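As structure tokens, the structure follows; a few thoughts come after it.
Residue numbers (our numbering): 11 to 727.
Below is the structure:
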């Protein structure tokens with residue numbers, strides 16, 4: 011049954027005059043008129059370069075790196091498209107077509123429901139959508155309720171999980187009766203009705219010009235399904251939002267917000283009643299995109315009203331709740347009553363512990379099995395890589411991009427036990443140094459704590475897990491202090507600090523939550539790094555040193571030989587950086603300062619160069635190469651320096667290269683050329699010594715030029 015046959019359902023979303031008034035108040039603070047301003051070249055360029063350059067291309071075959079690399083050439087043509095869209099004369103038919111790639115959700119997928127459809131759209135369409143997305147994103151925070159945690163700046167997935175977990179913990183501890191209902195929407199993106207989306211945008215006060223732009227990006231699409239890499243016949247779509255389109259998540263939030271408004275309106279009229287420790291912190295609904303949790307008192311009439319509310323939303327929006335996958339969790343001990351409520355809703359009766367948003371949902375601390383699951387996931391990911399075929403630079407990328415990020419969801423919420431941190435660190439260390447082969451602890455050239463230093467301090471920038479866990483837990487204090495309105499914040503105040511501020515001295519009120527105990531353990535760290543300063547006449551908290559380790563492992567003191575990153579054979583041979591002394595306030599709060607040496611930004615600058623990662627790693631690992639006679643460049647030939655005027659008088663002293671780098675002479679390409687010279691000299695030297703090869707200066711010059719040319723189009727790593 012479509013929207014056209016049930017337009018009355020849409021009007022039911024506007025449940026009362028108070029709701030209309032609330033919607034208008036939101037509009038007045040949201041600057042809706044700004045999103046229909048003319049398009050500028052800088053705005054479009056910013057959107058182009060925000061898109062992932064390596065994303066799969068659409069049917070036209072042009073990846074986004076093409077538009078980024080040739081922006082100066084394509085700019086005028088792209089801006090003409092935006093001008094036509096602004097004037098309302100753009101025909102998107104020739105560009106708005108896409109392939110649908112079916113991604114299996116699980117192993118041995120053999121049914122249509124086992125696949126997730128991802129749209130591979132053309133590059134121009136992605137650029138159009140991204141520009142509109144940036145404009146819409148700037149006002150979404152004023153339109154979407156605090157119960158929604160997805161896609162918006164300042165909100166994240168852990169907010170929703172913590173709210174649900176703390177409600178279950180509070181309810182089970184007090185023995186109160188209530189229900190939590192985890193609902194699953196069947197193909198949420200694919201079932202949405204377009205007329206409903208455009209009608210609610212009118213209700214919110216969006217300009218007709220904006221709605222027409224959204225229609226251009228949504229309604230004119232043709233798709234073909236890729237079957238074994240071969241597209242089928244073209245299909246004209248009639249409803250749904252495309253996964254893979256930058257605009258789709260925010261349009262989906264507008265639709266999901268209507269469910270929140272329906273629920274709030276029903277609670278206002280006492281048709282349902284949420285749960286919570288106080289009236290201000292009472293929770294009815296928690297959303298993360300389409301992952302939705304309802305909370306309600308355990309009464310039959312409330313269950314029946316919820317069914318009607320769900321059906322009303324389905325008739326209006328097209329989004330259907332899959333009751334076979336939805337679960338009801340009962341807070342209480344009356345199992346018979348729980349079964350009756352589940353029968354009324356037509357859902358399964360769930361039990362704790364369970365999984366919610368990828369984390370274990372339980373009223374107790376995570377079990378050893380939960381932690382072992384994270385370790386097993388990291389181990390299985392390592393086992394799937396052929397590590398011996400990867401360079402150490404390639405393994406560094408995988409450690410930072412994959413292995414460090416796998417447990418970050420857990421680290422954001424839970425204080426991680428030491429045995430878990432040690433086990434994960436062993437896996438990361440062995441993979442980086444040895445490719446996960448050989449006996450544990452063997453073959454490590456540098457202590458792991460040195461490797462985990464920042465690049466500015468001479469390390470490789472691998473995050474230390476214990477420090478990262480500590481920093482992520484400290485961040486909850488910052489959010490608690492600076493974001494007072496979200497639902498989770500009100501709940502935490504009502505649960506643990508009903509009569510005083512969280513930063514006041516003393517323990518929180520009944521800190522029975524495992525999550526809150528972990529956050530509470532970082533309170534002193536947060537207070538140490540916090541100062542209060544006036545901003546617009548109001549005192550607001552600001553970090554003095556965000557997430558700095560506490561207490562310091564040792565006092566900061568001058569390094570007698572200068573930069574610790576390099577290893578000269580003797581202090582007399584060392585030509586260190588010309589750093590400036592600076593003062594850093596100590597953590598003792600007595601006003602004393604300690605003297606330290608500024609190590610400079612040299613290592614950081616090396617990491618920012620557009621040269622291969624293996625070269626950067628070798629240079630920062632060994633520092634400045636020092637040989638007994640200071641002669642690393644073993645081939646002295648004019649051809650090496652002929653293309654760089656400022657290098658012609660350099661000679662063969664490698665320290666001269668270092669001095670030029672330090673003093674910042676020459677262009678950025680010349681600075682990259684210095685590192686390229688070092689690298690080729692190092693390779694040539696090794697070839698002469700170990701392979702008895704003949705040094706060829708002409709060949710070396712060509713290798714340097716080739717290395718710099720390759721780096722010209724290389725993104726920063």
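Using N, Cα and C, we set each Cβ at its ideal position, and we do this for glycine too.
Note that the coordinates shown come from a computational prediction; the quantities given were computed from them, not determined experimentally.
- In the three-state reduction of the DSSP assignment, residue 296 falls in the strand class, which pools E and B.
- Between residue 237 and residue 142, the C-beta spacing is not below 9 angstroms.
- By the neighbour-count criterion, in which a residue is buried when 16 or more other Cβ atoms sit within 10 angstroms of its Cβ, residue 425 is buried.
- DSSP places residue 59 in the uninterrupted alpha helix (DSSP H) bounded by 51–60.
- Taking C-beta atoms as the reference points, residue 264 and residue 207 count as a pair closer than 9 angstroms.
- Classified as buried, residue 438 has 16 or more neighbouring CB atoms from the shown chains inside 10 Å of its CB.
- Taking all protein chains in view, the Cβ of residue 459 is surrounded by fewer than 16 other Cβ atoms within 10 Å, so the residue is classified as exposed.
- Each of 474, 455, 202 was checked against the Cα of residue 462, and the nearest Cα belongs to 474.
- Inter-segment contact for the region 248–267 and the region 144–161 is present: three or more beta-carbon pairs are separated by less than 8 angstroms.
- Distances from the CA of residue 343 to each of 150, 508, 481, 185 were compared; the closest alpha carbon is that of 185.
- Distances from the alpha-carbon of residue 380 to those of 430, 476, 390 put 430 closest.
- A Cβ-Cβ separation of about 13 angstroms leaves residue 328 out of contact with residue 247 under the 8 angstroms criterion.
- Exclusion of the five residues before and after residue 277 leaves 283, 284, 294 as the residues of its chain whose Cβ lies within less than 7 angstroms of its Cβ.
- Rounded to whole angstroms, the separation of the alpha carbons of residue 252 and residue 97 is 25 angstroms.
- For residue 73, same chain residues with a beta-carbon under 6 angstroms away, outside a window of 5 residues either side, are 67 in chain order.
- Residue 74 sits in a helix when the DSSP states are folded into three classes.
- Sequence-distant partners of residue 444 (beyond 5 residues in either direction) whose C-beta falls short of 7 angstroms from its own C-beta, in its chain, are 453.
- Runs of beta strand (DSSP E) with 3 or more residues, each lying fully within the region 266–311, are found at 295–298, 301–306, listed in chain order.
- Annotation for residue 414: no alpha helix (DSSP H) segment contains it, and DSSP assigns it neither H nor E.
- Only residues of its own chain outside the window of five on either side were considered, and among them none has a CB closer than 6 angstroms to the CB of residue 702.
- The Cβ atoms of residue 536 and residue 523 lie no closer than 9 angstroms to each other.
- Distance from the CA of residue 387 to the CA of residue 412, rounded to the nearest whole angstrom, comes to 11 angstroms.
- In the DSSP annotation of this structure, residue 129 is not part of any alpha helix (DSSP H); the continuous beta strand (DSSP E) holding it starts and ends at 125–131.
- Following the DSSP letters along the chain, one finds residue 234 inside the beta strand (DSSP E) bounded by residues 232–237.
- Exposed is the label assigned to residue 244, since fewer than 16 other Cβ atoms lie within 10 Å of its Cβ.
- Residue 47 is classed as exposed because its beta carbon has fewer than 16 other beta carbons within 10 Å across all chains shown.
- For the pair residue 391 and residue 416, the CB atoms are nearer than the 9 angstroms cut-off.
- Taking C-beta atoms under 8 angstroms as the contact rule, residue 456 and residue 172 fail to qualify, at a distance of about 38 angstroms.
- One thing to note: residue 190 has its Cβ no nearer than 9 angstroms to the Cβ of residue 312.
- With at least 16 other beta carbons inside 10 angstroms of its own, residue 139 counts as buried.
- Nearest neighbour of residue 232 by Cα position, chosen from 84, 508, 408, 106, turns out to be 106.
- Considering only 90, 59, 87, the residue with the shortest C-alpha distance to residue 75 is 59.
- Ranked by Cα distance from residue 335, the options 217, 86, 123, 57 are led by 123.
- In the three-state DSSP reduction, residue 98 falls in the coil class, being neither helix nor strand.
- Around the beta-carbon of residue 103, fewer than 16 other beta-carbon atoms lie within 10 Å, marking it exposed.
- About 7 angstroms separates the CB atoms of residue 369 and residue 420; that is less than 8 angstroms, so the two are in contact.
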